[in-house]
Every structure is written in C-alpha cells, then in structure tokens.
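Counting in the numbering used here, the sequence shown runs from -3 upward without gaps.
C-beta: ideal position from N, C-alpha, C; glycine also.
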Amino acid sequence: MSFHMEFCYPKEAEVAKREKWPILIPVGTMEYHSTHCPYGCDALVSLGLAEKIAEKIDAVVFPTIWYGVASYAVAGPEKNTIHVDCDTFEGYVYCILKSLFRAGFNRNIYLIISHQTEDYNPMALACMKAARKLIFEYLDETMGEGWWGNNENKDFYENMSAMDNPWNWIRVLNGSDTAKEKLGGDHAGRKECSLLEYLFPGTIKLERLAETDDWFAQDAAQMSVEMGRQFVEYSLEDYIPMMLGIK
C-alpha cells in the first residue's frame, strides 16, 4: 500500500526499497499565479498528481520540494515569488537523489514537475542535470571507470529493459505529452485552474479575478473540473505504464 515518506517507518521503507516501488518526488515553486490562484499552485499540482498515481499503484510519495527555479518571468519579487538560482537548485536536487541512491532507492525515481513545462526550461534542466550527473558517478563507482568501453559490456544496449536502462533510473516528468497535446497548458488560466481545482477542490477563488487585469488569468473563469479530471487521466495513462516498466 502506498504511503508518504514523512509518515513512513523503516519496515515499510525496506519493503518499498526491496520491491523497487516508484519513488515520486513532487517539484514545484512558490510563484505568483494572479489574484485567484495560490502561490503554491505548481507544487500542489505535482503533489496532487503524485497522490493520484499512488492511489493506482504501490508507490512512495516523498515530501514536496516547494521552492524551485520560479524565475521572475511572470512577475517581480514584489509579487512575492520566491526564486531559487538554477545552479543552487541543481545541487540541492543532486544531494537528495544521492542520498536516495546511498540508501538503496536507486531505481524507479520520478521528479514530477508542473512549472514551465512547455519546453526544457531551467527547473526541468536542473533536475535532469542532477539526475544524469549522479547516474554517471554511480556507474563509474559500481562498474569501474571505462565501464561503457569495456568489451564485457559490448551488448550493453541490447541487454537493457526499460527498468534496467540506467538513463531511466531517474526520470524527470515535465508534463504528460498526451495531456499537452490534447489540452495544452497555460499559467493560472482555464487549464491550470481546472487541474488544481480538480486535485484540491475549493482552492481556486474565481471571485477574485475582478481584482486583476493580468492577461494570462482572464480565461480562468471558464475553468472546468471535468477538464482537470481529463488532464489527470491522460497523465496517469502516460506515467503509470512507465513506472510499471511497461514502456
């Protein structure tokens, strides 16, 4: 049965480790999302998605990383956005992942991001760099330097399943491809608000839209819990087979 790591005890942790349950790490920001949507929107969406996954399969939901590479693209610091430098954030994520590897959680790790998911932007890249840096270090330490070029590993790629592929040990989930294709995305608008309201009912305060003229927020009044449900459904269709080693 799935659990949150902060409420976990050693006995359950060892079961999850031994059976290689998916490790879900929600990653977010504290960022201005206009007047109707909370600062923690990105982190809450990531957390909500992790919890929906954990309802379907055995998984460990680790504590959310609340402070991230928000940037001041949407609004300056006077709007209370908290921005963490990209390199600093990368180092922090690296330390978390390295601790997991040293503990024995070294497969099936997922960093779930819901911020600037339209491309390879700074926060996703920071997570990717931290993950690949650790994986290469781990391979050097456990297989010896020159492991890839060693003749004994000439069938390296042919012998890899999805779960045994080192590049899949830690994956950065930067938004569901299916959800992006079918529903698109926005910032504090109809789509993001639909998703957050579905995951955490009562979070969006549409009556406060009248307090702002933020262009990106104007269509939030058209949000739909059904759209949020569809977004989650598409996301789970993409993510769960991956976590079970099916794709």
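So, under 8 Å CB-CB, residue i and residue j are touching, yes? Tell me the CB distance rounded to an integer number of Å.
{"i": "A175", "j": "F227", "result": "5 Å"}
{"i": "A127", "j": "V168", "result": "7 Å"}
{"i": "I49", "j": "L20", "result": "6 Å"}
{"i": "L200", "j": "H32", "result": "Correcting the residue type first, residue 200 is Ile in the shown sequence and not Leu. I200 to H32, Cβ: 6 Å. Contact."}
{"i": "C123", "j": "L107", "result": "5 Å"}
{"i": "W62", "j": "G24", "result": "6 Å"}
{"i": "P162", "j": "L130", "result": "In fact, because the Cβ distance is near 10 Å, the residues do not count as touching under 8 Å."}
{"i": "G180", "j": "T113", "result": "At roughly 11 Å, the Cβ-Cβ gap does not stay under 8 Å, so G180 and T113 are not in contact."}
Count the other CB atoms within 10 Å of the CB of residue i; is the residue buried (16 or more) or exposed (fewer)?
{"i": "C91", "result": "exposed"}
{"i": "P22", "result": "buried"}
{"i": "N102", "result": "buried"}
{"i": "K187", "result": "buried"}
{"i": "S190", "result": "buried"}
{"i": "T84", "result": "exposed"}
{"i": "Q218", "result": "exposed"}
{"i": "M26", "result": "buried"}
{"i": "G224", "result": "buried"}
{"i": "N104", "result": "buried"}
{"i": "P197", "result": "exposed"}
{"i": "S30", "result": "buried"}
{"i": "D38", "result": "buried"}
{"i": "M119", "result": "buried"}
{"i": "G44", "result": "buried"}
{"i": "G36", "result": "buried"}
{"i": "F97", "result": "buried"}
{"i": "F58", "result": "buried"}
{"i": "M239", "result": "buried"}
{"i": "N146", "result": "exposed"}
{"i": "A55", "result": "buried"}
{"i": "D151", "result": "exposed"}
{"i": "S231", "result": "buried"}
{"i": "A69", "result": "exposed"}
{"i": "T138", "result": "exposed"}
{"i": "S42", "result": "buried"}
{"i": "E148", "result": "exposed"}
{"i": "S157", "result": "exposed"}
Does DSSP put residue i in a helix, in a strand, or in coil?
{"i": "L240", "result": "coil"}
{"i": "I200", "result": "coil"}
{"i": "I53", "result": "coil"}
{"i": "V248", "result": "Nothing can be reported for residue 248, as the shown portion of the chain is limited to -3 through 243."}
{"i": "F152", "result": "coil"}
{"i": "C33", "result": "strand"}
{"i": "V168", "result": "strand"}
Just grab the DSSP bridge partners of residue i for me.
{"i": "P22", "result": "I108"}
{"i": "I299", "result": "Nothing about residue 299 can be read from this structure; the chain reaches only from -3 to 243."}
{"i": "H0", "result": "V57"}
{"i": "I131", "result": "Paired residue(s): none; I131 is not in a bridge."}
When you measure from the CB of residue i to every non-hydrogen atom of the ligand FAD, does any distance come out below 6 Å?
{"i": "I131", "result": "Looking at this structure, you won't find the ligand FAD or any other ligand, since it has none at all."}
Can you check the stretch 81 to 121 for any beta strand (DSSP E) of at least 3 residues that lies completely inside it and give the ranges in chain order?
105 to 109
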